[in-house]
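Note that the sequence shown covers residues 2 to 519 in the numbering used here.
Beta carbons are placed, not taken as given, at the ideal position from N, Cα and C, and that holds for glycine.
No experiment lies behind these values; they were computed from the predicted model shown.
Presented below is the structure to which this report refers.
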Amino acid sequence: MSLPGPTVQVPTTGVTPASHGARAHLFTAGTVEDYRRVLAEGIGRVATRMAEVDRPFTGVTPDELVPRVAGIDLDRPLGDSGAALDELHDVYLRDAVYFHHPRYLAHLNCPVVIPALLGEAVLTAVNSSLDTWDQSAGGTLIERRLIDWTADRIGLGPAADGIFTSGGTQSNLQAMLLAREETCANLVGRTTERQSRPELLSRLRIITSAAGHFSVQKAAKLLGLGADAVVTVPTDADRRMRTADLAREIARCREEGLTVMAVVATAGTTDFGTIDPLPQIADICAAAGVWLHVDAAYGCGLLVSPTRRHLLDGIERADSVTVDYHKSFFQPVSSSALLVRDRRVLRHATWHADYLNPARMVEQRIPNQVDKSIQTTRRFDALKLWLTLRIMGPDAIGELFDEVVDRAAAAWQLLSGDPRFEVVTRSQLSTVVFRYLPAAAGREVVDDANLYAREALAASGAGLVAGTKVDGAHYLKLTLLNPETTMDDIAHVLDLLAEHAGWYAQTRAAAELSCPVG
Ligand SMILES: Cc1ncc(COP(=O)(O)O)c(C=O)c1O
2 MSLPGPTVQV PTTGVTPASH GARAHLFTAG TVEDYRRVLA EGIGRVATRM AEVDRPFTGV
62 TPDELVPRVA GIDLDRPLGD SGAALDELHD VYLRDAVYFH HPRYLAHLNC PVVIPALLGE
122 AVLTAVNSSL DTWDQSAGGT LIERRLIDWT ADRIGLGPAA DGIFTSGGTQ SNLQAMLLAR
182 EETCANLVGR TTERQSRPEL LSRLRIITSA AGHFSVQKAA KLLGLGADAV VTVPTDADRR
242 MRTADLAREI ARCREEGLTV MAVVATAGTT DFGTIDPLPQ IADICAAAGV WLHVDAAYGC
302 GLLVSPTRRH LLDGIERADS VTVDYHKSFF QPVSSSALLV RDRRVLRHAT WHADYLNPAR
362 MVEQRIPNQV DKSIQTTRRF DALKLWLTLR IMGPDAIGEL FDEVVDRAAA AWQLLSGDPR
422 FEVVTRSQLS TVVFRYLPAA AGREVVDDAN LYAREALAAS GAGLVAGTKV DGAHYLKLTL
482 LNPETTMDDI AHVLDLLAEH AGWYAQTRAA AELSCPVG
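Written out as C-alpha cells, the structure is:
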C-alpha cells in the first residue's frame, strides 16, 4: 500500500527521560523501566495469590466488602503501586472468585491459558484500537485471519466473514440486527403494501428453544421488536429443540401474517449443554427461507475437539454463528466473535464518518473493521487467540475441552448411581444438572433444601456450584470447564451439598413437628 511521492526524511525523536509528576506515569519510550518494574510487581502479587488460593471463594458477603470499598478516598491517591496493590489485595484479590480453582464448578467461566495472558499484556500495552487500519495496522490483519480461520473451521464457505465482539450477548445482538435488516429489506422488496417501520417490526418473530439463551430476548428488546417477538418452542427429553414444533410455529406465524426473521438454534445450551438438532433445523430454515443463527457461544470448543467435532454437524449451514472463545477456548474475558456466511450482510452495521472511515476508503480497499462492527473503539482481543494458536495450537485447546466433557460424563454417571441425588439430562458438553432429594420431603422442602445447600456451600467457600430451574423446580448445576477438576473434587463437593441439604431438611422437619402448621 505504499504511495508515490517524494522521499521524506523522518526525524527520529530522542528518548526523553522520564518526567516527574503525572507524566512519569505515562507509558512512553522514557518509562519502559517503570513499566517493567510495576507490571512485574503486579504479576508477582497475582502469582502469589493464585498459588495460595485453597478455595474458589472466601465466602465474603457484600456487607463485609461494601464498607472496605466505600472507605477508599478516590481523590487521595497513594502515589505508589506497591501501596495500591496492598490496598487492592484487601478489596479484590483476597476475596475474588477464582475460576482456576478445581472446585469452582458454577458458571461458564474457564481457567485461562498463559499464552492468552501474554496476549492480554501485549494488547493492553500497545493499545491498538481495531476500528480502523490507521489505528491498528497488523492487528486488523491478525483479526481477519482469525475470523477466516474460525469460519473455515465452521465450514461457512468462501464468502464468509465476521468480527470480534465483546461476548456472546453482543454477537447474538448483532446477528439479530443483521437478520432483522435482511428480513425487512426482503419484505419491502416483495410487497407493494406500504407498511410503516414500526408496523413491520411489530410483526417480526424470532424462534428459539425454551433452553435458548436469554440474550435472544434481550436482543429483540434492544432491536425494537414487539414484547412477544421471541417465540420459544419446547425441548424434547434431551432438552433439544423439538423440530416438529419449530416447523409448526413457522407455519403458524405465516398463517397469522407474522414474519419469522430468524431461528436461533443453540449449540450448547447454558443449562444442559445440549446441542439442538442442527441438520434438521437447517433443513426447516432452508425450506422456509428463514435466517438460521447458531448460538455456539458454549459449544464452539468442539470446533477444535479432536474427537467430537461431529457434534456440530449442520452448523456449516447457518447464516450466522456466535462463538465465545472466552468460554471453551480457555481465553480471558472478552473474546468472542460473530461469523456470517455472506459478508455482504455486515453492511447493516456500516456507517461512514468523514473523520474516521469515509466511504472512499472502501474503494481504496483500506481494511477498516469498524465497517463490520457495532462498536467503534474496540479491543484487540484477537491477539489472545492468535498467541494461543501460535504457541499451543488448536488441538491442544480441543484436548482441554474434551477432558472437561469426559469429566462431565463421569460426573453424570456418579450422580445417577447416587441415591441421594436425582440427575437430569445427560449433557453433550460439560454441565450436570441435579438436585438433592431428601427422603419423604415435599416439593417445597426439596426446593428450599437445594437452594440452601448452594448458598451454604458458597458461604463456606469450599466449592461453588450454580443453580437453575427445571420445570419450575430448583436444581443445582455443575459447569465443568477446568481440566484440573478431578472426580475427587466433584465427589467432595457433592458430599458437602448433601450434608447442607440434609441438615436443612432435617431441621425443617423437626421445626414443623414441634410447631405444626394450622
Ligand atoms: C448459549 C449462550 N449464549 C450466549 C451467552 C452470552 O455470552 P456472554 O456472557 O459472553 O455475553 C451465553 C452465556 O453464558 C450462553 O451460554
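If you draw a straight line from the Cα of L401 to the Cα of C111, it comes to about 11 Å. Non-local C-beta neighbours of G169 in its own chain, meaning closer than 6 Å and more than five positions away in sequence, comprise A298, T323, D325, S337, ordered along the chain. Between V305 and I398, the gap from beta carbon to beta carbon is short of 7 Å.
For A266, the enclosing beta strand (DSSP E) covers residues 260-267. Cβ neighbours of L339 within its own chain (closer than 7 Å, five residues either side excluded): G163, I164, T166, S172, Q175, A176, S321, T323. Between V371 and D132, the C-beta spacing is below 7 Å. Within the region 190-260, the runs of alpha helix (DSSP H) at least 4 residues long that lie entirely inside it are, in chain order, 198-203, 216-223, 244-256. Fewer than three pairs of CB atoms, one per stretch, sit closer than 8 Å, so the region 401-410 makes no contact with the region 185-200. In the DSSP secondary-structure assignment, G468 is bridged to L477. With fewer than 16 other Cβ atoms from the protein chains shown falling within 10 Å of its own Cβ, Y36 counts as exposed. With 16 or more other Cβ atoms inside 10 Å of its own Cβ, L312 counts as buried. In this structure, A248 lies away from I207, with their beta-carbon atoms at least 7 Å apart.
Going by DSSP, I282 is part of the alpha helix (DSSP H) stretching over 279-289. Residue environment for C254: buried (at least 16 other C-beta atoms within 10 angstroms of its C-beta). At least 7 Å separates the beta-carbon of T125 from that of G213. Exclusion of the five residues before and after V113 leaves F331, Q332, P333 as the residues of its chain whose Cβ lies within less than 7 Å of its Cβ. In this structure, V466 is the residue among A228, D314, V231, V466 with its C-alpha nearest to the C-alpha of D490. Bridge pairing for Y105: L465 [DSSP].
The C-beta distance from L430 to G300 rounds to 6 Å, short enough to meet the 8 Å contact threshold. The region 218-225 and the region 271-290 do not touch, with fewer than three beta-carbon pairs separated by less than 8 Å. A straight-line Cα-Cα distance of about 15 Å links P439 and E513. Around the beta carbon of M242, a 10 Å sphere encloses 16 or more other beta carbons of the protein chains shown; the residue is thus reported as buried.
Sorting V446, R379, R95, T351 by C-alpha distance to the C-alpha of L178 places T351 at the top. The beta carbon of F28 sits closer than 6 Å to those of Y36, all from its chain and outside the five residues before and after it, given in chain order. Sequence-distant Cβ neighbours of G156 in its own chain, meaning closer than 8 Å and more than five residues away, are I316, E317. L340 is bridged by DSSP to G163, V322. D296 is bridged by DSSP to T267, T323. Note: I398 is not bridge-paired with any residue in the DSSP secondary-structure output. Rounded to whole angstroms, the separation of the alpha carbons of L142 and P359 is 20 Å. Using a Cβ distance threshold of 7 Å, V92 and F58 do not count as a contacting pair. Contact check for V433 against L497 fails: the beta carbons are separated by 7 Å or more. Around the beta carbon of R380, 16 or more other beta carbons lie within 10 angstroms, which makes this residue buried. A442 sits buried, since 16 or more C-beta atoms from the chains shown fall within 10 Å of its C-beta.
Distance between V127 and H90, taken at the CA atoms: about 27 Å.
Per DSSP, the continuous beta strand (DSSP E) segment holding T432 begins and ends at 432-437. Proximity of the beta carbon of H214 to ligand 1 is indicated: a heavy atom of the ligand is located closer than 6 Å.
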